[in-house]
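Per the working numbering, the sequence shown starts with residue 436, numbered consecutively.
Positions of the beta carbon are idealized from the N, C-alpha and C atoms, including for glycine.
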Amino acid sequence: MEVVCSKHQEVPYWFCKDEDRVVCPVCEFSLHHGHTVVPVEQAVRDMKEQLKSDLQSLQDKRDKHRRVEKTYNEINQHSKKQLLSTESQIRAEFNKLHQFLKEEEDSRLAALREEEQKRGKTISSLSDSISAVEADLQKDSVPFLSSYKASQSRARAQCSLSDPQLLSGALTDVAKHLGNLSFRVWEKMKDMVHFCPVILDPNTAADSLYLSDDLTSARRGDTKQKLPENPERHSKYSAVLGSEGFSSGKHSWEVEVGDTPYWVVGLAKESADRKGKRYSLPKYGIWCFKYLSGQYTGGSKSVTVKKSLQRIRVQLDYEGGKVSFYNSEHMTHIYTLRDTFTEKLFPYFSIGPASDAKTAEIKICPAEISLRGSESSEKVERGKSFISRIALANDLMENIPWLLFDTQNVSKAQNEKLQLTDWFSALGGDVLTF
């Protein structure tokens, strides 16, 4: 059915863009003079193209919502698995502690009973001898005569012993069994519990990295895991962050790299890109030391080391703007990156493929825990040379190249000021200025 103009009974061939309506030739010249008017066919084509564009935008938005919904569902399912796994591991850890405490309780109660048994052993022996002689006295004549010699010998042997005296120590040594009991049990637990200064965050780990149950080591796998694409996770590179970030202070940890053929250790700022292409460089928010194809690199500069590194110490001085790396074997300084930090920094680790190596794995080394003040002092004494060289390496060796340190002590400092700085830094202070 053909549509005509209600006023002029003419077929509308035109479309007025200003009034957004179709018009006939008469209307065009009489009522729409000066308006933007185009043929109806052109208007239909233009509007369909615009509608297609709008439809595509809506479809794109719908697809994005579906992807986000899919990712959210994956995150939700993964979170449920994490909950069950974490609950299981917590129970397992507490079961170990419960078992240890139960065995320790049984051991200490057994020691208490053994002490009581030893104390009553002498009295029990004497009582047994008296009972035996009394029993012999009740025997008939013939049996009595046959056992007389043995009974007499047993009785005289007991009588020949010195008379009993009331000596000290007859009571239970309550102080020995209860004194500092909780502390002594806690002290024994040092062998079964460990403190790690950096705990890896599994929610940031790439799907190619497999973390240990205690979250202190990462291994590059041959296959990728099915993990949700949450915002925190590294997607393009096989990297993982520490769970705790730093916005101030001085912090350090050691990483065992072993014979892993490709690794990166250092720090990354919180906003560093985790999804797209970037490089392990300060301008991308990553301050690191890496090893690849037999070459060590600090930032963008090649670094020469005398011996293949097995264990690296990473040290952050946030206010000082320094990220330093040391060979843990001798605590010798390797390289320092300097910058101004303005946001939270997280320990950063990346592992490349194993290639021909047996494994591609890094491990955060546990820190020593001391429960006694004397032990702490002793460790400070033993570690003076190491700690001192860490504190002084950057501040002194760059400006005083003739200053030498050996692995035994730092007494070779050339003057008293340097020696004083030595001692001060060994106790954990900042470098002194004179």
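message = Please report the distance separating the alpha-carbon of R548 from that of S542.
response = Taking the sequence shown and counting its residues from 1, the one referred to as residue 548 is at position 113. Taking the sequence shown and counting its residues from 1, the one referred to as residue 542 is at position 107. Roughly 10 angstroms between the two C-alpha positions.
request  = Using the DSSP secondary-structure output, state which residues sit across from N730 in a beta bridge.
outcome  = Taking the sequence shown and counting its residues from 1, one reaches residue 730 at position 295. Checking the displayed sequence, the identity of residue 730 turns out to be Gln instead of Asn. According to DSSP, Q730 bridges with L727.
key: Start-to-end residues for the alpha helix (DSSP H) that takes in D611   = Here the question's residue 611 lines up with position 176 in the sequence shown. The displayed chain sequence assigns Lys, not Asp, to residue 611. From DSSP, the alpha helix (DSSP H) with K611 extends over 609-613.
Alpha-carbon spacing of E754 relative to L772, whole angstroms = Start at 1 with the first residue of the sequence shown, and residue 754 comes out as number 319. Start at 1 with the first residue of the sequence shown, and residue 772 comes out as number 337. Roughly 13 angstroms separates the two Cα atoms.
message = Taking the alpha-carbon of P801 as reference, which of D752, G787, T651 has the nearest alpha-carbon?
response = Position 366 of the sequence shown holds residue 801. If we check each option's Cα against that of P801, T651 comes out closest.
key: Residues sharing a beta bridge with K685, DSSP   = Residue 685 sits at position 250 when you count from the first residue of the sequence shown. For K685, which the question treats as bridged, DSSP gives the partners D752.
key: Pair within 8 angstroms by beta-carbon distance, L727 and L751   = Translated into positions along the sequence shown, residue 727 becomes position 292. Translated into positions along the sequence shown, residue 751 becomes position 316. No. Outside cutoff.
I797 versus Y761: straight-line alpha-carbon distance, rounded = Translated into positions along the sequence shown, residue 797 becomes position 362. Translated into positions along the sequence shown, residue 761 becomes position 326. Approximately 16 angstroms between the Cα atoms of the pair.
query = So L716 and G734 are in contact, right, with Cβ under 8 angstroms, and what is the actual spacing, rounded?
reply = As a working mapping, residue 716 is identified with position 281 in the sequence shown. As a working mapping, residue 734 is identified with position 299 in the sequence shown. Right, the Cβ-Cβ distance comes to about 6 angstroms (below 8 angstroms), so this counts as a contact.
ask   = Between the beta-carbon of E689 and the beta-carbon of S763, is there less than 8 angstroms?
value = Taking the first residue of the sequence shown as position 1, residue 689 is located at position 254. Taking the first residue of the sequence shown as position 1, residue 763 is located at position 328. A contact, by the Cβ cut-off of 8 angstroms.
query = V792 to R655, Cα distance in whole Å?
reply = The residue you call residue 792 lines up with position 357 of the sequence shown. The residue you call residue 655 lines up with position 220 of the sequence shown. This sequence places Ala at residue 792; Val is not what is there. Their Cα atoms are separated by approximately 12 angstroms.
ask   = How many angstroms separate the CA atom of D481 from the CA atom of S492?
value = On the sequence shown, residue 481 is found 46 positions in, with the first residue counted as 1. On the sequence shown, residue 492 is found 57 positions in, with the first residue counted as 1. If I take the Cα positions, the gap works out to 17 angstroms.
query = Nearest-angstrom Cα distance between E538 and A546?
reply = Residue mapping note: residue 538 aligns to position 103 of the sequence shown, counting from 1. Residue mapping note: residue 546 aligns to position 111 of the sequence shown, counting from 1. Spanning the two alpha carbons is a distance of roughly 12 angstroms.
ask   = Taking just the CA atoms, how far does G729 sit from D694?
value = The residue labelled residue 694 in the question sits at position 259 within the sequence shown. The residue labelled residue 729 in the question sits at position 294 within the sequence shown. Computed Cα separation, rounded: 11 angstroms.
task = Consult DSSP for P666 and reduce its assignment to one of helix, strand or coil.
result = Residue mapping note: residue 666 aligns to position 231 of the sequence shown, counting from 1. Coil.
ask   = What three-state label does DSSP hand T521 in the structure shown?
value = Translated into the one-based positions of the sequence shown, residue 521 becomes position 86. It is helical.
key: Cut-off 6 angstroms between Cβ atoms - residues of its own chain near Y719, not counting five sequence neighbours on either side   = Taking the first residue of the sequence shown as position 1, residue 719 is located at position 284. If we look at Y719 and ignore the five residues flanking it on each side, its Cβ neighbours are R713.
query = Can you tell which of H669, K556, S617, S488 has its C-alpha closest to the C-alpha of E540?
reply = Position 105 of the sequence shown, counting from 1, holds the residue named residue 540. Nearest option by C-alpha distance: S617.
query = Where does the unbroken beta strand (DSSP E) through G759 begin, and where does it stop?
reply = Position 324 of the sequence shown, counting from 1, holds the residue named residue 759. Strictly speaking, residue 759 in this sequence is Ser, with Gly absent from that position. It spans 757-762 - the beta strand (DSSP E) in which S759 sits, taken as one unbroken run.
inquiry  = Taking a contact to mean a Cβ-Cβ separation below 8 angstroms, would you say G756 touches C723 in this structure?
reply    = Locating residue 756 in the sequence shown gives position 321, where the first residue counts as 1. Locating residue 723 in the sequence shown gives position 288, where the first residue counts as 1. Taking 8 angstroms as the Cβ cut-off, G756 and C723 do not qualify as a contacting pair.
request  = Pick helix, strand or coil for E796, following the three-state DSSP scheme.
outcome  = In the sequence shown, residue 796 corresponds to position 361, counting from 1. Reduced to three states, the DSSP call for E796 is strand.
message = For a test of the three-state rule: what should DSSP assign to R548, helix, strand or coil?
response = Looking up residue 548 in the sequence shown gives position 113. It is helical.
request  = Decide yes or no for the touch test of the region 619-637 against the region 664-677: beta carbon pairs closer than 8 angstroms, at least 3 of them.
outcome  = yes
query = Using the C-alpha atoms, what's the distance from Q517 back to A478?
reply = Counting from 1 along the sequence shown, the entry for residue 478 is found at position 43. Counting from 1 along the sequence shown, the entry for residue 517 is found at position 82. The straight-line gap from Cα to Cα measures roughly 58 angstroms.
key: Helix, strand or coil at V479 according to DSSP, with G and I counted as helix   = For the purposes of this step, residue 479 is identified with residue 44 of the sequence shown, where counting begins at 1. In this structure, V479 counts as helix in the three-state DSSP scheme.
inquiry  = Tell me the DSSP secondary structure of S588 in three-state form.
reply    = Taking the sequence shown and counting its residues from 1, one reaches residue 588 at position 153. Residue state, collapsed to three classes: helix.
task = Could you check which residue in L544, E551, P632 has the C-alpha nearest to that of L613?
result = Taking the first residue of the sequence shown as position 1, residue 613 is located at position 178. Among L544, E551, P632, the Cα nearest to that of L613 is on L544.
query = Given a threshold of 16 other Cβ atoms within 10 Å of its Cβ, counted over all protein chains shown, does R748 qualify as buried or as exposed?
reply = If you number the sequence shown from 1, residue 748 lands on position 313. Counting Cβ neighbours within 10 Å, R748 comes out buried, since at least 16 surround it.
query = Is P782 buried or exposed, if buried means 16 or more other CB atoms sit within 10 Å of its CB?
reply = Walking along the sequence shown from the start, residue 782 turns up at place 347. It is buried - the Cβ of P782 has at least 16 other Cβ atoms within 10 Å.
task = Would you kindly work out how many angstroms separate the C-alpha atoms of A707 and L676, rounded to a whole number?
result = The residue given as residue 707 occupies position 272 in the sequence shown. The residue given as residue 676 occupies position 241 in the sequence shown. Straight-line Cα distance between these residues: approximately 11 angstroms.
key: Between the CA atoms of W449 and V473 - distance to the nearest angstrom   = One-based indexing of the sequence shown puts residue 473 at position 38. One-based indexing of the sequence shown puts residue 449 at position 14. Going by the C-alpha atoms only, they are around 6 angstroms apart.
message = Between the alpha carbons of L519 and Q512, how many angstroms are there, rounded?
response = Stepping through the sequence shown from its first residue, residue 519 is reached at position 84. Stepping through the sequence shown from its first residue, residue 512 is reached at position 77. Rounded to the nearest angstrom, the two C-alpha atoms are 11 angstroms apart.
Euclidean distance between Cα positions of M627 and S687 = Position 192 of the sequence shown holds residue 627. Position 252 of the sequence shown holds residue 687. Each residue's alpha carbon lies about 23 angstroms from the other.
query = Any idea what DSSP makes of A641, helix, strand or coil?
reply = Residue 641 sits at position 206 when you count from the first residue of the sequence shown. Note: A641 maps to coil in three-state DSSP.
query = Would you call M490 buried or exposed, if buried means 16 or more other Cβ atoms sit within 10 Å of its Cβ?
reply = One-based indexing of the sequence shown puts residue 490 at position 55. In the sequence on display, residue 490 carries Leu and not Met. With fewer than 16 Cβ atoms within 10 Å of its Cβ, L490 is classed as exposed.
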